[in-house]
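Remarks on the structure that follows.
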Amino acid sequence: PLTLVGAGVVFDIGFSLLQPWPLKVLVDNVLRGRHLHGFLLSLFQALPGPHTRDSLLTWTIAATVAIFLLSWAAGLVASWAAIRFGSQMSYDVAADLFAHLQRLSLRYHARHGIGSSIRRITNDSEAVATIIQDGGLPAISAVATLVAMLVVMLELDAELTLVALAVIPPMALIVRRYSAPMTERSYVQQEAEGELYETLEQTLTGIAVVHAFAGESAADARLKANTDRIMRATVSMTWAQSRFSVLLGAVTALGTAAVVWIGADQALAGTISLGTILVFISYLGSLYSPVHDVSYSAGTISESLGSALRVVEVLDAPADVEDRPGAVRLERVRGEIAVEGVTFAYEAGRPVLHGVSFAAGPGEVVAVVGPTGAGKTTLVGLLPRFFDPDQGRVLLDGHDLRDLRLRQLRGGVSLVLQESFLFPFSIAENIAYGRVGASREEIVEAARAANAHEFVSRLPDGYDTVVGERGATLSVGERQRVAIARALLKDAPVLILDEPTSALDAETEGSLLQALDRLMEGRTTVIIAHRLSTIRKADQILVLRDGRIVERGHHQQLIELNGHYARMHNIQHGPTPTQSP
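Pasting the structure below:
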């Protein structure tokens, strides 16, 4: 496409240069009877037929039509190629943004909303193509046209050409004056639209909560605040564009008036022919057109730079969790994990974890308990390397996670979360998500082990039933069973359970605990639990408060310690007979 764009530009420039000449021949040589000379005479004599005035008129009209058709065809090919090139570039930038966002750690995503990221992928990515397609390519074409026009115009009349060129310095000053403000206002506009996406995403994602708490009016108010900000930014941007356009138009109008005045004076004095002045005026329009194109291209680029800056912000964000040079691949992952003196903060100066350490081997269960906000989910998020610790290290089979291949590391960890996320795919596809290519028999076997086969078989299409967005067409317990089946099929040596039964009733919890027992068998398991009844058999229980481990041991040891864990247990189950008063 880029080659076609270049070829189209070259031909378009050539036909633009030829376009006024049939008019000159018509006025000077057909209507006023002047003799042809030079190249035009040689060209006319080489044409077939009689060399009369009527024949010259016929060839002049034919040349006008031919030049128009060829110019139209060249412009059409160049436009098609430019649109295709720009569209492909937009999709490529969007794909690069999407891929880079996936590589960024959860630390980045915790600070940036989903709606804004979607806006950057779907809208801001077009800015790069706009800069090239509507800014860069027209500017290159305009500069080439300008040079070609100047060469011809200087041959026709040097004085008029210099008068015509007098508009360029004022135009350059106008472009310089308005480029920065338009870029700044475009950025503000795109940021405001990104916040609108945030409001929409948050409201529609939490629509059940909005309905339950009659939050429609508050959501409407937030949306109105977003749209008001967008409107103010858009009006400010449009006002700057209008002033830019008016000033450019005024400068070119003055330049055109000066050329017409001086050209008419020369024509009346007989120093140039009427045909020549018509050609020159025609070229003047063609001259100012590329000058305008260059100026407007600068404006277009300035407007699009606001969006482009938002694209660059993402692409420049460091992928702080990635394979190091020389990262090793383990022959087999056994599942021995160790956390040594780990400190971590999402934002500088506000650590969530402080010097946390523990270890576990295959077949062992480590439970993490503590109040909300203690850092439990952050702690287990270090194991699949969703983010790296600021201090300390996390080991797998004796290797620092940062020295291992990220793909193999995450392939060795399975997760079952409190609110298991299901994609709007079939149940079979959701179960096989962590092991693409699994057979139907393996999927069904995993579902049986997770106590999910019975309810899946009752669905209209069985394992081919497509679940709703986030699995909304299934109950919480059914979603958890599918998530456990997904973890079983993945068959990873390290298992993370983040409060997998906290939202379930006692009967459903009992069924799921059987499935979880099968899932934990032989694996290194780290489980976050609020219901202490689910972790009585854990080999080690860590009590986390304010990002620090304040107690550790098995259930009976912690009960006898009569500290934080014992108080949590008493609240849920009442004091045990063995506890000291």
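Here the sequence shown is numbered in the numbering used here, starting from 315 and rising by one per residue. Idealized CB from N, CA, C, for every residue including glycine. Since this is a predicted model, take the numbers as computed values, not measurements.
Alpha-carbon spacing of residue 709 relative to residue 656, whole angstroms:
11 Å
Please say whether residue 485 and residue 475 have beta carbons closer to each other than 8 Å?
no
Step through the CB atoms of chain B and report whether any lies within less than 8 Å of the CB of residue 797.
Of the chains in the structure shown, none is chain B; there is only one protein chain.
Presumed contact (8 Å Cβ cut-off) between residue 672 and residue 854, rounded CB distance:
7 Å
Identify which residue in 576, 726, 838, 641 has its Cα closest to the Cα of residue 681.
838
Is residue 801 near residue 730, with beta carbons less than 8 Å apart?
Taking 8 Å as the cut-off, the Cβ atoms of residue 801 and residue 730 count as close.
Am I right that residue 515 and residue 429 are in contact with their C-beta atoms under 8 Å? What's the rounded C-beta distance?
4 Å
Give me the Cα-Cα distance between residue 778 and residue 395, rounded to the nearest whole angstrom.
Rounded to whole angstroms, residue 778 to residue 395 spans 43 Å at the Cα level.
Would DSSP call residue 865 helix, strand or coil?
strand
Endpoints, beta strand (DSSP E) assigned at residue 333
Careful: residue 333 lies outside any beta strand (DSSP E) and carries neither H nor E.
Tell me the start and end of each unbroken alpha helix (DSSP H) in the stretch 442-528 that is at least 4 residues and wholly inside, in chain order.
451-470, 472-479, 482-519, 521-526
Which residues share a DSSP beta bridge with residue 812?
842
Sequence-distant residues of its chain with Cβ nearer than 8 Å to residue 720 (five each side left out):
Within the same chain, and ignoring the five residues on either side of residue 720 in sequence, the residues whose Cβ sits closer than 8 Å to its Cβ are 635, 636, 637, 641, 699.
With DSSP collapsed to three states, give me the class of residue 854.
strand
At which residues does the alpha helix (DSSP H) containing residue 669 begin and terminate?
No alpha helix (DSSP H) contains residue 669, which is instead part of the beta strand (DSSP E) from 665-674.
Three-state secondary structure assigned by DSSP to residue 714:
strand
Rounded straight-line distance, which links the Cα of residue 876 to that of residue 894:
In this predicted model, residue 894 has a pLDDT of only 48, less than 50, meaning its place in the structure is not dependable; the value taken from the coordinates is given anyway. Spanning the alpha carbons of residue 894 and residue 876 requires a straight line of approximately 7 Å.
Residue 676: CB within 7 Å of a non-hydrogen atom of the ligand GDP:
Of ligands this structure carries none, so the ligand GDP is not represented either.
Using 8 Å for Cβ pairs, my map puts residue 558 next to residue 482. What's the rounded Cβ distance?
Not a contact, Cβ separation roughly 16 Å.
Suppose the cutoff is 6 Å on Cβ atoms and the five residues either side in sequence are ignored; what does the same chain contact list for residue 508 look like?
The beta carbon of residue 508 sits closer than 6 Å to the beta carbons of 430, 433 from its chain, once the five residues preceding and following it are set aside; these are given in chain order.
I'd like to check one pair, residue 770 with residue 739: are the Cβ atoms closer than 8 Å?
no
What first and last residue would you give for the alpha helix (DSSP H) that runs through residue 737?
From DSSP, residue 737 is part of no alpha helix (DSSP H); its letter is neither H nor E.
Taking DSSP as the reference, what is the three-state secondary structure of residue 779?
coil
For the beta strand (DSSP E) that contains residue 655, what are its first and last residues?
651-659
Excluding sequence positions up to five away, which residues of its chain have a Cβ less than 8 Å from the Cβ of residue 596?
333, 334, 337
Assigned secondary structure, residue 680 (DSSP; H/G/I helix, E/B strand, else coil):
strand
Between the C-alpha atoms of residue 686 and residue 836, what's the straight-line distance to the nearest angstrom?
30 Å
Look at residue 421 and residue 660 and say whether their C-beta atoms are less than 8 Å apart.
yes
For residue 732 and residue 814, I'd like the C-alpha separation in whole angstroms.
4 Å
Is there contact here, the stretch 752-766 with the stretch 788-799, by at least three beta-carbon pairs under 8 Å?
yes
Cβ shell of residue 675 (< 6 Å), same chain only, five flanking positions each side left out
A distance below 6 Å between beta-carbons, with the five flanking residues on each side excluded, links residue 675 to the following residues of its chain, in chain order: 650.
Quick check on the burial criterion: 16 or more other C-beta atoms within 10 angstroms. Buried or exposed for residue 566?
buried
Same chain, Cβ closer than 7 Å to residue 689, neighbours up to 5 away in sequence not counted:
Here residue 689 has 666, 667, 858, 861 as same chain residues with Cβ atoms under 7 Å from its own Cβ, once five neighbours each way along the sequence are excluded.
What residue does the alpha helix (DSSP H) around residue 556 start on, and which one ends it?
530-583
Residue 344 and residue 370 look like a contact to me (Cβ under 8 Å); what is the Cβ gap, rounded to whole Å?
6 Å
Pull up the DSSP beta-bridge partners for residue 708, would you.
653
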